[in-house]
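Undergrad: Chains F and E are the protein sequences, given in the same order.
Numbers given in our numbering equal positions in the first sequence, counted from 1, plus 26.
Numbers given in our numbering equal positions in the second sequence, counted from 1, plus 59.
Ideal placement from N, C-alpha and C gives every residue a C-beta, glycine not left out.
Nothing here was measured: the structure is a model prediction, and the numbers come from that model.
What follows is a structure written as structure tokens; I'll ask about it next.
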Amino acid sequence: MQLELENFTKCFDGTPVIENLNLTVGDGEMLALLGPSGCGKSTTLFAIAGIYRADGGRILFGDRDMSDLPSQRRNVGVVFQNYALYPHMTVAENIAFPLTVGKKRPPAAEVDRKVREIAELIHIEELLARRPAQLSGGQQQRVALARAIVRRPDVLLFDEPLANLDAKLRLEMRSEIRRIQLETGITAILVTHDQVEAMSMCDRVAIMDKGKILQTASPTQMYRAPVNKFVAGFLGNPPIVFMDGVVAADGMFQMGQGFTLPLPAHVRGLPLGQVITLGLRPEHFGGAGAGMASGRVSFVEPQGRETLFDVDVAPGVTLRSIQPMREDVRLGDTVNWAVDVENMLAFDANGDRL
Amino acid sequence: MSLSADLSGTKGAVHAHRPTGTAMAQDRGRPRVSRLGLILVAPALFLLSCFFLAPVVLTGVFAFTNMSTSTGIGAGEYVISPNLLDDLADAGLSEEVVTAISAETYEITPDGIEAARAGGVSADFLRDIEGLLLGDGFDTARGIETALRGLPSAPRSPRSLKLTAEFFGHSVLNQRFDSAQELTEALSLAVPDVDAGIRSEIVGASYTGAIYTTENFTYLATQPSTMRLVANTVIYVGATLSIFNVGLGLFLAITLFYMPKRVSSFYSTLWLLPRITPLVLYTIMWKWFTWEDGFLPLLAEQLGLPAFNYMKGSVITAWMTMISVNGFVGASFGLILFSGAIRAIPTQQLWASEVDGATRWQQIRRIILPQMRWPILFVVSYQTLSLLSSYESIWLTTNGGPGKTTTVWALEAFKTALSSYTGNLEYGLGAAMALVLVVVGLALSIIYLMAFKFGELVGRPRIEF
Chain F
27 MQLELENFTK CFDGTPVIEN LNLTVGDGEM LALLGPSGCG KSTTLFAIAG IYRADGGRIL
87 FGDRDMSDLP SQRRNVGVVF QNYALYPHMT VAENIAFPLT VGKKRPPAAE VDRKVREIAE
147 LIHIEELLAR RPAQLSGGQQ QRVALARAIV RRPDVLLFDE PLANLDAKLR LEMRSEIRRI
207 QLETGITAIL VTHDQVEAMS MCDRVAIMDK GKILQTASPT QMYRAPVNKF VAGFLGNPPI
267 VFMDGVVAAD GMFQMGQGFT LPLPAHVRGL PLGQVITLGL RPEHFGGAGA GMASGRVSFV
327 EPQGRETLFD VDVAPGVTLR SIQPMREDVR LGDTVNWAVD VENMLAFDAN GDRL
Chain E
60 MSLSADLSGT KGAVHAHRPT GTAMAQDRGR PRVSRLGLIL VAPALFLLSC FFLAPVVLTG
120 VFAFTNMSTS TGIGAGEYVI SPNLLDDLAD AGLSEEVVTA ISAETYEITP DGIEAARAGG
180 VSADFLRDIE GLLLGDGFDT ARGIETALRG LPSAPRSPRS LKLTAEFFGH SVLNQRFDSA
240 QELTEALSLA VPDVDAGIRS EIVGASYTGA IYTTENFTYL ATQPSTMRLV ANTVIYVGAT
300 LSIFNVGLGL FLAITLFYMP KRVSSFYSTL WLLPRITPLV LYTIMWKWFT WEDGFLPLLA
360 EQLGLPAFNY MKGSVITAWM TMISVNGFVG ASFGLILFSG AIRAIPTQQL WASEVDGATR
420 WQQIRRIILP QMRWPILFVV SYQTLSLLSS YESIWLTTNG GPGKTTTVWA LEAFKTALSS
480 YTGNLEYGLG AAMALVLVVV GLALSIIYLM AFKFGELVGR PRIEF
């Protein structure tokens, strides 16, 4: 079912935190709401669930306006960050709960059948008789997911579902959640502040900051062509390096500290002296490219498969490079590495991408 | 050779080390008692023994005595009263002995003459008595009166003779003896042919001081009124707990939980008023509320309902008043505890239930209430103990009436021991009743502590020192 937010506005104590937000999630699509803490992504999610009331605009499931319906009548499934399992019920009772509170309570046999069906899909058949306190974090997460989808909701909402898991489980649950979403085909929204989660689990990513959606695009699109500095800086780990400078003669870029680089082809036509910011991702420094930068290695971080280097190319200017693991470069060495100029991102004085 | 020497050397070393090793193992196994710790708990121990242990021990001791206002709390005297004789006769003392003890004998002694002189008998008459009758004894009043009449200076009127004779009268009845021996001697004079065993029984029974006895408990166990008291107490504690402390407390906590914060904090404060009002003021306000000219009867009158003193006018209304007086105080306790417990439920859990489709009622019944089990159990156990032993508000309102219909165990114990209408305070019986409360309270406490796994609560600290 398609989900649409139309000029959605939400205020807390009279202060608008989200104003005129528009968002469309296609049928069966999984969309990530990505942004730093306090950007309004969870507020948006809870408004879709009906936990918060919208102060303006419309929330449409298909073509039904849900804005004024209480959460009980919206048929959404929510997986909360702390799972919010009912501690006094067994796993089976937790999963059955949404089925047994409706107006028409289905016969016990049918409830039981549905619970088993979902438990099988989520691989928790052997946990049905336990209580939440007897489960690990990952198992609780699975139960929460089972409870959210047992009613076949129109929309499935995830609020930071992996934040409380350790690194290994996070990896496992990432693919599990995506698998189940794909198998059930339920339209889903994932709220997260972790760009890796957003990019790896979702069809599209909507990046939010200060109550506004800055860009909605597929993960690769967004990584390659961020609309502004904020998006470019938020995506990518290790993050992009920004360099502030001006357009100089001969299609060169010059920084105040004297460091220069050739400009990418698409911004060479800019007038001389215009203030611009270049963004260089670590994977575009230290490989092949038209520009060169030399400096002293000031930091080395071996990460196993890859090694991360910080190179001081001018006073106060540190470029970052990530390369397949190499041990020939050490801290304090002077290196002269290529810069993939054409893959650099350029931003104007307002931070918008040129 | 050298090998065996080495072995024995090792053995020796093991032996040498063993004592220290054992000492260390003991140190680890046994909780360490530090002097500083003892000093720090000393005030608490002192207060505990003064204000808890000592009263309990004294109650235990008094419970096994028949101490009362009439026995006094000091050493008693030996008195054979007419009442005692009646009791003894009922218990099987022979008629002859009873008559013999109650009979008066007369003897002309210098003491008697002195007493008569002080009593205003004429000097001439006394001189005659002293001269002619000194040392004589008489078994009956008639005998001495006849002898007195025969004296030269005897007064005419039989009444004066009778009065004079009384100064020489001599009976064990109603006389106070300081020791058992004195009474025994007096008895053997008065009734010489009574069996020594019976005599010592009579002496024992005549003791007016407190004695050690288990009679209080037999009395309590055999009185039909005891069952009535127990039933009253159970109804009182049960009704107050279920209707107010738990029922109203839970209802308020849940209602206030769903109200806007400002409203809920206002009402929570309002419900705390009964608890922070001084008890006497609080009960006086209940009197204004329920007495003949009080708020409720006046209102009832306007509405054409029966209007009377609800606090003492009928059994049903007295019970309702008594339970309400305690209940409104208790409800605030439940309110605070349950409110805290509800707020401890993660908000996401409530959101989840709403998203899952639960109505508010289903949310209360299936999410909130099941998680209130421990707080409810705590309120029930804690308040049972305090309700069992509290009587002040009942004493100040219905005072157990009308009749004894709203008298509970603690109130009866208090009245028996310390506030009797007849004036005879039965300390021993009251203490026995209090002891029953203490035992019941201790038993309940142990059960509750086991239910709450008290051992885990006071287990080894998680932080190491």
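1) Any idea what DSSP makes of leucine 191 of chain F, helix, strand or coil?
2) When the Cα atoms are used, what is the spatial distance from glutamate 241 of chain E to valine 138 of chain E?
3) Using 9 Å as the limit for Cβ to Cβ distance, is isoleucine 426 of chain E near chain F?
4) What separation, rounded to the nearest whole angstrom, lies between the Cα atoms of leucine 488 of chain E and alanine 122 of chain E?
5) Pull out every residue of the stretch 64 to 96 of chain F whose Cβ sits closer than 9 Å to any Cβ of chain E, in chain order.
6) Over what stretch of residues does the beta strand (DSSP E) that includes tryptophan 363 of chain F continue unbroken?
7) Hey, would you say the C-beta of tryptophan 420 of chain E is under 8 Å away from at least one heavy atom of the ligand FMN?
8) Kindly list, in the order they appear in chain E, the residues whose Cβ is closer than 9 Å to that of tyrosine 112 of chain F.
9) Hey, quick one: how far does the alpha helix (DSSP H) through tyrosine 165 of chain E stretch, first residue to last?
10) Among residues of its own chain, excluding the 5 on either side of threonine 130 of chain E, which ones have a beta-carbon nearer than 7 Å to its beta-carbon?
11) If we require 4 or more residues per run, which alpha helix (DSSP H) segments fall completely within the stretch 409 to 466 of chain E?
12) Between the stretch 69 to 76 of chain F and the stretch 89 to 104 of chain F, can you find at least three pairs of beta-carbon atoms closer than 8 Å?
13) Within the continuous beta strand (DSSP E) that includes leucine 59 of chain F, where are the two ends?
14) Rounded to whole angstroms, how far is the Cβ of threonine 333 of chain F from the Cβ of arginine 352 of chain F, which I believe are closer than 8 Å?
15) Please name the residue in F:Val273, F:Ser320, F:Thr286 and F:Arg200 whose C-alpha comes closest to that of glycine 14 of chain F.
16) Ignoring anything shorter than 4 residues or poking outside the stretch 165 to 223 of chain E, list the alpha helix (DSSP H) runs there in chain order.
17) Where does glutamine 329 of chain F land, buried or exposed, given buried means 16+ other C-beta within 10 angstroms?
18) Between lysine 236 of chain F and leucine 31 of chain F, what straight-line distance do the alpha-carbon atoms span, to the nearest angstrom?
19) What in chain E is Cβ-close to asparagine 108 of chain F, meaning under 7 Å?
20) Could you give the DSSP three-state label for glutamine 85 of chain E: helix, strand or coil?
21) Could you pull out every residue in the same chain whose Cβ sits closer than 8 Å to the Cβ of glutamine 407 of chain E, ignoring the five residues on either side in sequence?
22) Would you say glutamine 167 of chain F lies against chain E (beta-carbon separation less than 9 Å)?
23) Note down, one range per segment and in chain order, each beta strand (DSSP E) of at least 3 residues found wholly within the stretch 58 to 127 of chain F.
24) Could you name the residues of the same chain whose beta carbon sits closer than 7 Å to that of phenylalanine 354 of chain E, not counting the 5 residues immediately before and after it, in chain order?
25) Can you pull the chain E neighbours of phenylalanine 184 of chain F, defined as C-beta to C-beta under 8 Å?
26) For phenylalanine 397 of chain E versus glycine 308 of chain E, is the C-beta distance shorter than 9 Å?
27) Is it the case that the stretch 421 to 431 of chain E contacts the stretch 328 to 343 of chain E, given that we only count it when at least three CB pairs across the two stretches are under 8 Å?
28) Identify whether histidine 149 of chain F lies in helix, strand or coil by the three-state DSSP scheme.
29) What does DSSP give as the partner residues of tyrosine 507 of chain E in its beta bridges?
30) Determine whether the Cβ of phenylalanine 123 of chain F lies closer than 9 Å to any Cβ atom of chain E.
31) Whole angstroms are fine: how far does the CA of glutamine 280 of chain F sit from the CA of valine 301 of chain F?
32) Kindly indicate the opening and closing residues of the beta strand (DSSP E) around asparagine 46 of chain F.
33) Give the residues of chain F in contact with glycine 399 of chain E, contact being defined as C-beta atoms less than 9 Å apart.
34) Could you tell me which chain E residues have their CB closer than 7 Å to the CB of valine 137 of chain F, listed as they occur along the chain?
35) Whole angstroms is fine: what's the gap from tyrosine 441 of chain E's alpha carbon to isoleucine 261 of chain E's?
36) Spell out a yes or no on whether the stretch 252 to 260 of chain E and the stretch 110 to 126 of chain E are touching, meaning 3 or more CB-CB pairs, one atom from each, closer than 8 Å.
TA: Reading from the atomic positions:
1) Counted from its first residue, the first sequence places residue 191 of chain F at position 165. It is coil, neither helix nor strand.
2) Start at 1 with the first residue of the second sequence, and residue 241 of chain E comes out as number 182. Start at 1 with the first residue of the second sequence, and residue 138 of chain E comes out as number 79. Approximately 11 Å between the Cα atoms of the pair.
3) Taking the second sequence and counting its residues from 1, one reaches residue 426 of chain E at position 367. It does; some Cβ of chain F falls within 9 Å.
4) Numbered from 1 along the second sequence, position 429 holds the residue referred to as residue 488 of chain E. Numbered from 1 along the second sequence, position 63 holds the residue referred to as residue 122 of chain E. Distance between the alpha carbons of leucine 488 of chain E and alanine 122 of chain E: 6 Å.
5) Phe72, Ala75, Gly76, Ile77 and Pro96
6) Residue 363 of chain F sits at position 337 when you count from the first residue of the first sequence. Element bounds for tryptophan 363 of chain F: 360 to 365.
7) As far as ligands go, the structure on display features none, and thus does not contain the ligand FMN.
8) Locating residue 112 of chain F in the first sequence gives position 86, where the first residue counts as 1. What tyrosine 112 of chain F touches in chain E: Gln408, Ala411, Ser412, Arg425, Ile426, Pro429 and Gln430.
9) The sequence position of residue 165 of chain E within the second sequence is 106, counting from 1. No alpha helix (DSSP H) holds tyrosine 165 of chain E; the beta strand (DSSP E) holding it covers 164 to 166.
10) Mapped onto the second sequence, residue 130 of chain E falls at position 71. Once the five neighbours on either side are set aside, the close Cβ partners of threonine 130 of chain E are Thr267, Gly268 and Ala269.
11) 432 to 448 and 451 to 455
12) yes
13) Along the first sequence, read from residue 1 onward, the residue named residue 59 of chain F stands at position 33. Its beta strand (DSSP E) spans residues 56 to 60.
14) Stepping through the first sequence from its first residue, residue 333 of chain F is reached at position 307. Stepping through the first sequence from its first residue, residue 352 of chain F is reached at position 326. Sure, about 6 Å apart at Cβ, within 8 Å.
15) Residue coverage of chain F in this structure runs from 27 to 380, which leaves residue 14 of chain F outside it and unanswerable.
16) Counting only unbroken stretches of 4 or more residues, the alpha helix (DSSP H) elements lying wholly within the stretch 165 to 223 of chain E are 169 to 177, 182 to 192 and 200 to 208, in sequence order.
17) Translated into positions along the first sequence, residue 329 of chain F becomes position 303. With fewer than 16 other Cβ atoms within 10 Å, it is exposed.
18) For the purposes of this step, residue 236 of chain F is identified with residue 210 of the first sequence, where counting begins at 1. For the purposes of this step, residue 31 of chain F is identified with residue 5 of the first sequence, where counting begins at 1. Lysine 236 of chain F and leucine 31 of chain F: Cα-Cα distance of roughly 17 Å.
19) For the purposes of this step, residue 108 of chain F is taken as residue 82 along the first sequence, with counting starting at 1. Within 7 Å Cβ-Cβ: Pro405 and Gln407.
20) For this step, residue 85 of chain E is matched to residue 26 along the second sequence. Any answer about glutamine 85 of chain E is weak, because its pLDDT of 48 lies below 50 and its placement is not dependable; what the coordinates show is given next. Helix, per DSSP.
21) Working through the second sequence from its first residue, we reach residue 407 of chain E at position 348. The same chain holds no residue with a CB closer than 8 Å to that of glutamine 407 of chain E once the five nearest residues on each side in sequence are set aside.
22) In the first sequence, the residue the question calls residue 167 of chain F occupies position 141. Not an interface residue.
23) 82 to 87 and 102 to 105
24) To locate residue 354 of chain E, count along the second sequence from 1; it is residue 295. For phenylalanine 354 of chain E, where only same-chain residues beyond five positions count, the Cβ hits under 7 Å are Trp347 and Phe348.
25) Walking along the first sequence from the start, residue 184 of chain F turns up at place 158. Ordered by position in chain E, no residue passes the 8 Å Cβ test against phenylalanine 184 of chain F, which lies about 13 Å from the chain.
26) Position 338 of the second sequence, counting from 1, holds the residue named residue 397 of chain E. Position 249 of the second sequence, counting from 1, holds the residue named residue 308 of chain E. Yes, the Cβ-Cβ distance between phenylalanine 397 of chain E and glycine 308 of chain E is below 9 Å.
27) no
28) Position 123 of the first sequence, counted from the start, is the residue given in the question as residue 149 of chain F. Note: histidine 149 of chain F maps to coil in three-state DSSP.
29) In the second sequence, residue 507 of chain E corresponds to position 448, counting from 1. Bridge partners of tyrosine 507 of chain E: none, in fact.
30) Residue 123 of chain F sits at position 97 when you count from the first residue of the first sequence. Closer than 9 Å: yes.
31) Stepping through the first sequence from its first residue, residue 301 of chain F is reached at position 275. Stepping through the first sequence from its first residue, residue 280 of chain F is reached at position 254. Rounded to the nearest angstrom, the gap between the Cα atoms of valine 301 of chain F and glutamine 280 of chain F is 10 Å.
32) Counted from its first residue, the first sequence places residue 46 of chain F at position 20. 41 to 51 is the span of the beta strand (DSSP E), which, as asked, contains asparagine 46 of chain F.
33) Counting from one through the second sequence, the residue named residue 399 of chain E turns up at place 340. Residues of chain F passing the Cβ test: none, with the nearest at roughly 17 Å.
34) Working through the first sequence from its first residue, we reach residue 137 of chain F at position 111. By Cβ distance, chain E contributes nothing, its closest Cβ being about 13 Å from valine 137 of chain F, past 7 Å.
35) Locating residue 441 of chain E in the second sequence gives position 382, counting from the first residue. Locating residue 261 of chain E in the second sequence gives position 202, counting from the first residue. One C-alpha to the other measures close to 50 Å.
36) no
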